[in-house]
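Student:
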């Protein structure tokens, strides 16, 4: 008698638990369906395709090391930055550079220097051995600026060419350009930034041709 009562009570409890579970599932299902997916993060990069083929390097020309590019305060991360108020930098929430822009520029600087035809070899930072010259660069700013109904991208690089043998500075220059955005949004800013990079790299080539010794 007691055994039958225990089994019936256990089965009744199990059934009640199942019913309650179904009820809770039915209640929570609409909540799950209403949960929005996390916004997609959009990743952009900086690229440059030189129009001219690389010239054949001259064996007696000086060698050049591209020092690791630095960045001014506030511009060392991978955030895509913009300004819509004076003196205040802001970051887009769902848009990023693939890396810090200064680092994205490093291989582009190397290619641009190679294409000048003024150097026997051009090597990145960390390459063993000594070089005759060193190119130092600092990203001063890269930002999208919204003002009234306009949108522009502004970018500036400070470049310095150093003679490694004598530690003498051969030349320094601030390269800067500003262009209207192709569209007033982060994607338009990224497209415009790539156009500015092409302009600045051509300016860099002119700087290197003017200051690198023959």
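Numbering (the numbering used here), first residue to last: 1354 to 1567.
Every residue, glycine too, gets a C-beta built ideally from N, C-alpha and C.
Going by C-alpha distance, which of 1431, 1392, 1493 is nearest residue 1447?
Tutor: 1392
Student: So, helix, strand or coil for residue 1477, using DSSP?
Tutor: Three-state DSSP puts residue 1477 in a strand.
Student: Leaving out five residues before and five after residue 1444 in sequence, what residues of the same chain have Cβ atoms less than 7 Å from its Cβ?
Tutor: 1432, 1433, 1434
Student: Helix, strand or coil, according to DSSP, for residue 1376 in the structure here?
Tutor: Confidence in residue 1376 is poor, its pLDDT being 48 and thus under 50, which makes the residue's placement unreliable; the coordinate value appears in the next sentence. Residue 1376 falls in the helix class under three-state DSSP.
Student: Could you please give the first and the last residue of the uninterrupted beta strand (DSSP E) stretch that includes residue 1560?
Tutor: Taken as a continuous stretch (DSSP letters only), residue 1560 belongs to no beta strand (DSSP E), being part of the alpha helix (DSSP H) at 1539-1564.
Student: Would the region 1511-1525 count as touching the region 1533-1544 if we require 3 or more Cβ pairs under 8 Å?
Tutor: no
Student: Look at the Cβ atom of residue 1512, then the Cβ atom of residue 1528, and state whether they are nearer than 8 Å.
Tutor: The answer is yes: Cβ separation under 8 Å.
Student: Going by beta-carbon coordinates alone, are residue 1568 and residue 1492 separated by less than 8 Å?
Tutor: Because the chain here runs from 1354 to 1567, residue 1568 falls outside it and cannot be looked at.
Student: In terms of alpha-carbon separation, which member of 1485, 1452, 1449 lies closest to residue 1518?
Tutor: 1485
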